[in-house]
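Residue numbers (the numbering used here): 95 to 325.
All C-beta atoms in this analysis are idealised placements derived from N, C-alpha and C, irrespective of residue type, glycine included.
Have a look at the structure below before the remarks.
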Amino acid sequence: MDAKNLALLKDTAADLGISLDKTQLAKFEAYYSAVTESNKSFNLTSIVDEREFVIKHFIDSLTGYEYIKEQGSLIDIGSGAGFPAIPLAIAGVKRVVALDSTMKKVNFINSACCALNIANVKAICGRAEESRAYFEQFDVVTGRAVASLSTLMELAAPFLKVHGLFVAYRTDGSEAAAAVHAMQELNMRLVKAHDLTLPNGDPRAIIVYEKLAPTPKKYPRAWGAIKRNPL
Ligand code: SAH
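What follows is the structure, given as structure tokens:
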């Protein structure tokens, strides 16, 4: 990776309260190379410019870290090529599960993490709404670019322990207004909607919810029902 882009990553992470040492920076570099290399044979990301990659994948993924930090366990729903899961794992989240419904992406994450010695990540293949074996086990759930906020909340809430946090990567904090019904139905509470701007000027928002009580048994519904009648 270009020295300028590496410095951008290090400095912006520092602004976010994350101090990345040499080993961590080397892992970011190596993960960038792994994604770029695999992208030649199958589509993992449409972002190919190195600076855009650093901003939109690495730095963006780290914007939620202050709400997650050393919380014990995290599941990232619809992780794709590993975002935000992998940057959060490199930054220091203890136990990270990356869930995706596409086997190729899951295989990519597992083999890259194994090769790069990122030992705190496990990728699993499955649809969130069908992954009951993992429900009620996590301190934090994340999700970026998977579904609307209310739909993602329906997928996310079941994975949380009571008092666990749902950290949603969105574009605008005002999106929370459209998810009030979902929040109430799912026994969640809005903790914070945090608007920010990425170094390239793109607007982002981290919207944080706390699970107040167990998720009603009727959620999550089957995907067809969620799509037909979103909360
Ligand atoms: N979070 C990544 C990828 C976003 S693309 C990023 O921001 O870069 C959305 C991903 O979610 C795809 O990889 C898709 O396979 C996965 N996905 C969509 N619906 C899902 C579901 N119900 N359960 C698990 N994964 C899902």
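- Message: If you measure from each CB to the nearest heavy atom of ligand 1 and keep those under 5 Å, what residues do you get, in chain order?
- Response: Gly172, Gly174, Phe177, Asp194, Ser195, Thr196, Arg221, Ala222, Arg238, Ala239, Val240
- Item | alpha helix (DSSP H) runs contained entirely in the stretch 129–165, provided each spans 4 or more residues | 144–147
- Looking at C-alpha atoms only, which residue of Ser113, Arg298, Lys199, Tyr161 is the closest neighbour of glycine 258? Tyr161
- Option nearest alanine 241 by Cα separation, candidates Arg264, Ile180, Cys219, Phe253: Arg264
- Query: Can at least three beta-carbon pairs, one atom from the stretch 148–159 and one from the stretch 167–181, be found at a separation below 8 Å?
  - Reply: yes
- Query: If you run the structure through DSSP and keep just helix, strand and coil, what is glycine 258?
  - Reply: strand
- Item | Neighbour-count burial assignment, arginine 298, 16 or more Cβ in a 10 Å radius | buried
- Contact the stretch 206–217 vs the stretch 233–240: 3+ CB pairs below 8 Å: no
- Message: Determine whether the beta carbon atoms of asparagine 281 and alanine 307 lie at a separation below 8 Å.
- Response: yes
- Message: Rounded to whole angstroms, what is the Cα-Cα separation between glutamate 279 and valine 148?
- Response: 37 Å
- Exposed or buried, asparagine 137, counting other C-beta atoms within 10 Å across all chains shown (16 or more means buried)? exposed
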